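Count along the sequence shown from 1, add 1, and you get the number used in my numbering. Glycine included, every Cβ here is placed at the ideal spot set by N, Cα and C. Predicted model, so just to flag it, every value in this text is computed and none were measured. Right, one structure below, let's go through it.
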Amino acid sequence: MARSLKKGPFVDQKLLEKIKKLKPRTKEIIKTWSRSCTIAPEMVGFTFGVHNGREFIPVQVTEDMVGHRLGEFSPTTKFSRHGGRMQRELETKATTSEAEKIKKAKE
Numbered sequence: 002m003a004r005s006l007k008k009g010p011f012v013d014q015k016l017l018e019k020i021k022k023l024k025p026r027t028k029e030i031i032k033t034w035s036r037s038c039t040i041a042p043e044m045v046g047f048t049f050g051v052h053n054g055r056e057f058i059p060v061q062v063t064e065d066m067v068g069h070r071l072g073e074f075s076p077t078t079k080f081s082r083h084g085g086r087m088q089r090e091l092e093t094k095a096t097t098s099e100a101e102k103i104k105k106a107k108e
């Protein structure tokens, strides 16, 4: 559900204080557990260590990220490939057929 416009975006005040103490483009990583914090324009150029439940994932903030949440750039689950053995066989057939097409095109 969207946040009310009259309230404005949620930005963690402790993060803003840490940003004011540092200069942009520094190599220091600002650790945070606040995944729900909205990225503000003041945060551009800083690197945040966003906690995913197990470790801190470094997130370099760019201008394109403004308005999104920090948690969007730190996945909490590991993606496991679907398919298993059958999927692997299909992929190898596809790559070999592509290689044969390339060889025929060169001849």
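Distance CB(residue i)-CB(residue j) smaller than 8 angstroms
{"i": "Arg26", "j": "Gly46", "result": "yes"}
{"i": "Ser81", "j": "Asn53", "result": "no"}
{"i": "Val62", "j": "Ile40", "result": "yes"}
{"i": "Leu23", "j": "Ser35", "result": "no"}
{"i": "Phe11", "j": "Cys38", "result": "yes"}
Cβ of residue i within 8 angstroms of any chain D Cβ
{"i": "Glu18", "result": "In the displayed structure, chain D is absent; only one protein chain is listed."}
One or two residues paired with residue i in a DSSP bridge
{"i": "Ile134", "result": "Residue 134 is absent from the model: the chain starts at 2 and stops at 108."}
{"i": "Arg70", "result": "Thr39"}
Assumed close pair residue i, residue j - CB separation to whole angstroms, cut-off 8 angstroms
{"i": "Pro42", "j": "Val67", "result": "5 angstroms"}
{"i": "Thr33", "j": "Leu71", "result": "7 angstroms"}
Limits of the unbroken alpha helix (DSSP H) element including residue i
{"i": "Ile20", "result": "Gln14 to Lys22"}
{"i": "Ile103", "result": "Arg86 to Lys107"}
Range of the contiguous beta strand (DSSP E) that encloses residue i
{"i": "Pro59", "result": "Phe57 to Gln61"}
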